[in-house]
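Per my numbering, residue 6 is the first one in the sequence shown, and the count goes up by one each step.
Glycine included, each C-beta is placed from N, C-alpha and C at the ideal position.
Here's the structure we're looking at; comments come further down.
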Amino acid sequence: MALSRLEGRLRRHRRIRKRVVGMPGKPRLCVFRSHKHLVAQLVNDFEQKTLLSCSTHTKAFRKQQPRGGTVSAAEQLGRLVASEAIKRGIQQVVFDRGGYRYHGRIKALAEAARQGGLQF
Numbered sequence: 006m007a008l009s010r011l012e013g014r015l016r017r018h019r020r021i022r023k024r025v026v027g028m029p030g031k032p033r034l035c036v037f038r039s040h041k042h043l044v045a046q047l048v049n050d051f052e053q054k055t056l057l058s059c060s061t062h063t064k065a066f067r068k069q070q071p072r073g074g075t076v077s078a079a080e081q082l083g084r085l086v087a088s089e090a091i092k093r094g095i096q097q098v099v100f101d102r103g104g105y106r107y108h109g110r111i112k113a114l115a116e117a118a119r120q121g122g123l124q125f
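Here's what the structure looks like:
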């Protein structure tokens, strides 16, 4: 029986999460992608706390970039995540692609976060 796209992504995500763990000194940068928006979070898995959350849903982001499901929006979100993380003293992260292919919007977000100063 064939898996649906969501079931396949969740299976890949569980497989990735076996190895990718966010620590207090090196949180996990996890990404969620929908058709219209992107969400990026920095998570400390040991304390089970979200340290930082940025999204294309917010009004401040929508003023700069009206459409949230584009590669340029992903790049801008990556730069935003990097600048906010550095303000909070976080410079190293572990990238969690969430079961998505490292390609398109996911790749653009990761590359922009690297250019913004985060180390993967």
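For this session: Using the Cα positions of Glu-154 and Leu-8, report the straight-line distance between them to the nearest angstrom.
Result: The chain is shown from 6 up to 125; residue 154 falls before or after that span and cannot be answered.
Problem set entry | Bridge-paired residues (DSSP) for Asp-101 | Cys-35
For this session: With a 10 Å radius around its C-beta and 16 neighbouring C-beta atoms as the bar for buried, classify Pro-29 as buried or exposed.
Result: exposed
Exercise. In its own chain, which residues sit with a C-beta less than 6 Å from the C-beta of Leu-85, not counting the 5 before and 5 after it?
Worked result: Cys-59
Exercise. CA-CA distance, Phe-51 and Phe-100?
Worked result: 16 Å
Exercise. For Glu-89, which residues from the same chain have a beta carbon less than 8 Å from its beta carbon, with the 5 sequence-adjacent residues on both sides left out?
Worked result: Leu-57, Cys-59
For this session: Please check the pair Leu-82 and Ala-45, which I expect to be a contact at CB under 8 Å, by giving their CB distance rounded to whole angstroms.
Result: 6 Å
Exercise. Does the count of Cβ pairs from the segment 93 to 107 and the segment 59 to 69 closer than 8 Å reach three?
Worked result: no
For this session: Could you give the DSSP three-state label for Ala-65: helix, strand or coil?
Result: helix
Problem set entry | Residue environment, Gly-109, which counts as buried when at least 16 other CB atoms sit within 10 Å | exposed
For this session: Thinking Leu-43 and Ala-65 are a contact (beta carbons under 8 Å), I'd like their distance in whole angstroms, please.
Result: About 15 Å; that fails the 8 Å criterion.
For this session: Would you kindly check if the distance between the Cβ of Gly-73 and the Cβ of Thr-61 is under 8 Å?
Result: yes
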